[in-house]
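Per this note's numbering, residue 719 is the first one in the sequence shown, and the count goes up by one each step.
Backbone N, C-alpha and C fix where the C-beta goes; we use that ideal spot for every residue, glycine too.
This structure is a prediction, so every number in the text was calculated from the model and none was measured.
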Amino acid sequence: MPLLARMLAAPLVIDVRPGAVTGLGALLADRRIATEGRVAVAVGPGQGDSIVAELQIDAAEIFRVTDGTHDSAVSLGKQLRSGAYEAVAGIGGGRTIDVTKFAAHMAGIPMVAVATSLSHDGIASPVSSLEHESGKGSYGVVPPVAVVVDLDRVRSGPPRLVRAGIGDVVNNLSAIADWELAGADRGEPIDGLAVTLARTAAQAVLHQPGTVGDDDFLTVLAESLVLSGIAMTVAGSSRPCSGGDHEILHAIDQLFPGAGSHGELAGVGALFCTYLRGDERLFALMSACLGRHELPRTPADLGLAPDEFTKAVLHAPATRPGRYTILERLDLDEREIAVKVTAFTAAVTSAGPSAGPSAGPSAGPGGA
Ligand SMILES: [Zn+2]
């Protein structure tokens, strides 16, 4: 009997635990990712030096990733190519991992992602998000061959950075609803396996008790971010994790840079799109989850005036031509969007506890 199944490019190793960084050398050797010892290690500006001191890898060459630009990624890619390395480990937050993923792809060598923060779902994804002279671009790359999350490092990061990843996972539910809308209205094929992975990840975070202060919650968040990345690999695009929510995110990034981090904006975008879709049950659940974790929910929480958020929603579809979501379906004009934004803000306020202190630009460390 023929075995009908599909083959997936999935990571060889997923290691989520306190102190995981110290086991990196053994992981590379034991899993035959690097056998001769020629390994490159790219570290970010934040915890870079203290991580290098902890690493137990002989003959590792250290590279510093200073920013999240396409230029930095190309430059690292050239260095990796000329150095004949067996593998590269990217250790740091989202930017360092995105730069290293792209550089590894360029050099044609396997990449191990070692995450020290959980701010977005790029840890295991086949997408590298990099800044360039006209904004930010998403580049398709080979996904990491192994994913390591060090919970000690994550816990010691700025809480605002840790919490942001919650928004980037929970938004899957809005992205999937948009995908289903595209299936119904446009006949766009929906990948059930990608949906299964992305939805399960989001539901786990939505219903997991606890806070970013405890390891049980952080483990579920880390695994959900990994699952989201694999869902994108399965789909061959960001579709299961990116819909109207990310169109609004990109529009805010372009029009009002610094209003919030990736995960924070994804959460607000998802909540607004869920409101537009009229899904009251999901709206209440999502709003409660974002509020419980002190994430922004309204334009004011992001430090944006209602008319600024309205302009971002109007501009949103242009940021991702060809992607059909609730925004393209409704095709609202500026006046209609303004009415929805006012009603949305009122609905969030009456839906449950407030997000507490504003998570706007000056709310604390972590940056945008
Ligand atoms: Zn995202």
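Point to revise | residue 754 in three-state terms, based on DSSP | key: Looking up residue 754 in the sequence shown gives position 36. In the structure shown, residue 754 sits in coil (DSSP, three-state: anything other than H, G, I, E or B).
**Study point:** residue 815 versus residue 831 - alpha carbon distance
**Key:** Here residue 815 refers to the residue found at position 97 of the sequence shown. Here residue 831 refers to the residue found at position 113 of the sequence shown. Each residue's Cα considered, the two are about 6 Å apart.
**Study point:** Beta-bridge partners of residue 856, as assigned by DSSP
**Key:** Counting from 1 along the sequence shown, the entry for residue 856 is found at position 138. Note: residue 856 sits in a beta bridge opposite 847.
Check your understanding: CB of residue 886 to nearest heavy atom of ligand 1: below 7 Å?
Key -> Along the sequence shown, one-based indexing puts residue 886 at 168. True, at least one ligand heavy atom lies under 7 Å from that Cβ.
Check your understanding: Can you tell me the Cα-Cα spacing of residue 783 and residue 917, whole angstroms?
Key -> Here residue 783 refers to the residue found at position 65 when the sequence shown is read from its first residue. Here residue 917 refers to the residue found at position 199 when the sequence shown is read from its first residue. C-alpha separation (whole angstroms): 33 Å.
Review point. Cβ of residue 667 within 7 Å of any heavy atom in ligand 1?
Key: Since the first and last residues shown for the chain are 719 and 1086, residue 667 lies out of range.
**Study point:** Backbone secondary structure at residue 1083 - three-state DSSP
**Key:** Here the question's residue 1083 lines up with position 365 in the sequence shown. In this prediction, residue 1083 has a pLDDT of 31, which is less than 50 and means its spatial position is unreliable; what the coordinates show is noted afterwards. In the structure shown, residue 1083 sits in coil (DSSP, three-state: anything other than H, G, I, E or B).
Practice item. Find the nearest neighbour of residue 833 within the set 733, 809, 847, 827, judged by alpha-carbon distance. Key: Within the sequence shown, the letter at position 115 stands for residue 833. For residue 833, the nearest C-alpha among the options comes from 809.
Check your understanding: Span of the beta strand (DSSP E) holding residue 731?
Key -> Mapped onto the sequence shown, residue 731 falls at position 13. Element bounds for residue 731: 731–735.
Practice item. Could you check if residue 947 is buried or exposed, using at least 16 other CB atoms within 10 Å of its CB as the buried criterion? Key: Here residue 947 refers to the residue found at position 229 when the sequence shown is read from its first residue. Per the 10 Å Cβ criterion, buried.
Check your understanding: Is residue 781 helix, strand or coil when you go by DSSP?
Key -> Sequence index remark: in the sequence shown, residue 781 carries index 63 (1-based). Correct three-state label for residue 781: strand.
Check your understanding: Do the segment 897–913 and the segment 1028–1040 make contact, defined as three or more Cβ pairs closer than 8 Å?
Key -> no
Point to revise | Which of helix, strand or coil DSSP assigns to residue 1096 | key: An answer regarding residue 1096 cannot be provided, because it is not within the stretch 719 to 1086 covered by the chain.
**Study point:** the segment 1009–1016 in contact with the segment 858–869 per 3-pair CB rule at 8 Å
**Key:** no
Exercise for review: Look at residue 965 and residue 1043 and say whether their C-beta atoms are less than 8 Å apart.
Suggested key: Taking the sequence shown and counting its residues from 1, one reaches residue 965 at position 247. Taking the sequence shown and counting its residues from 1, one reaches residue 1043 at position 325. For residue 965 and residue 1043, yes; Cβs fall inside 8 Å.
Practice item. State the Cα-Cα distance for the pair residue 914 and residue 820, rounded to the nearest angstrom. Key: Within the sequence shown, residue 914 is the residue found at index 196, counting from 1. Within the sequence shown, residue 820 is the residue found at index 102, counting from 1. Rounded to the nearest angstrom, the two C-alpha atoms are 27 Å apart.
Check your understanding: Any idea which residues DSSP pairs residue 810 with across the strands?
Key -> Start at 1 with the first residue of the sequence shown, and residue 810 comes out as number 92. Residue 810 pairs with 833.
Review point. Within 10 angstroms of its Cβ, does residue 774 collect 16 or more other Cβ (buried), or is it exposed?
Key: On the sequence shown, position 56 is the one that residue 774 refers to. Residue 774 comes out exposed.
Check your understanding: Which residue spans inside the segment 993–1038 form an unbroken beta strand (DSSP E) run of at least 3?
Key -> none
Review point. Straight-line CA distance for residue 935 to residue 1005?
Key: Mapped onto the sequence shown, residue 935 falls at position 217. Mapped onto the sequence shown, residue 1005 falls at position 287. Distance between the alpha carbons of residue 935 and residue 1005 is about 18 Å.
Point to revise | Distance between beta carbons of residue 805 and residue 746, contact taken as under 8 Å | key: For this step, residue 746 is matched to residue 28 along the sequence shown. For this step, residue 805 is matched to residue 87 along the sequence shown. With a Cβ gap of about 6 Å, residue 746 and residue 805 count as contacting.
Review point. What number of angstroms, rounded off, separates the C-alpha of residue 1058 from the C-alpha of residue 1033?
Key: Stepping through the sequence shown from its first residue, residue 1058 is reached at position 340. Stepping through the sequence shown from its first residue, residue 1033 is reached at position 315. Near 15 Å, if we compare the C-alpha coordinates of residue 1033 and residue 1058.
Practice item. May I ask which residues mark the beginning and end of the beta strand (DSSP E) holding residue 864? Key: For the purposes of this step, residue 864 is taken as the residue at position 146 of the sequence shown. Here the beta strand (DSSP E) through residue 864 covers 864–868.
Practice item. Please name the residue, chosen from 867, 996, 799, 848, that lies closest to residue 786 on a Cα-to-Cα basis. Key: The residue given as residue 786 occupies position 68 in the sequence shown. Among 867, 996, 799, 848, the Cα nearest to that of residue 786 belongs to 848.
Practice item. Please work out which residues of its chain come closer than 7 Å, Cβ to Cβ, to residue 1084, disregarding the five sequence neighbours upstream and downstream, and give them in chain order. Key: On the sequence shown, residue 1084 is found 366 positions in, with the first residue counted as 1. In this prediction, residue 1084 scores a pLDDT of 31, lower than 50, which makes its location untrustworthy; the coordinate-derived value is nonetheless stated afterwards. Excluding positions up to five away in sequence, the list reads 876, 878, 879, 979.
Practice item. Give the DSSP-derived three-state secondary structure of residue 1066 in the structure shown. Key: Locating residue 1066 in the sequence shown gives position 348, where the first residue counts as 1. Of the three classes helix, strand and coil, the one that applies to residue 1066 here is helix, per DSSP.
Exercise for review: Using only the heavy atoms of ligand 1, determine whether one of them is closer than 7 Å to the beta carbon of residue 979.
Suggested key: Counting from 1 along the sequence shown, the entry for residue 979 is found at position 261. Result no, Cβ not under 7 Å from ligand 1.
Practice item. Run the proximity test for residue 723: is its beta-carbon closer than 7 Å to any non-hydrogen atom belonging to ligand 1? Key: Residue 723 sits at position 5 when you count from the first residue of the sequence shown. For ligand 1, not one heavy atom lies less than 7 Å from the Cβ of residue 723.
Check your understanding: Leaving out the 5 sequence neighbours to the left and right, which residues in its chain are closer than 7 Å to residue 894 when beta-carbon positions are compared?
Key -> Taking the first residue of the sequence shown as position 1, residue 894 is located at position 176. 913, 916, 917, 958, listed in sequence order.
Practice item. Using beta-carbon positions only, say whether residue 1049 and residue 991 come within less than 8 Å of one another. Key: Counting from 1 along the sequence shown, the entry for residue 1049 is found at position 331. Counting from 1 along the sequence shown, the entry for residue 991 is found at position 273. Not in contact: residue 1049 and residue 991 (Cβ atoms no closer than 8 Å).
Review point. Is residue 829 buried or exposed, if buried means 16 or more other CB atoms sit within 10 Å of its CB?
Key: Position 111 of the sequence shown holds residue 829. Classification of residue 829: buried, given that the 10 Å Cβ count is 16 or more.
Review point. Near residue 824, which residues of its chain fall below 6 Å by C-beta distance, leaving aside the five closest residues on each side in sequence?
Key: Sequence index remark: in the sequence shown, residue 824 carries index 106 (1-based). Here the set comprises 795.
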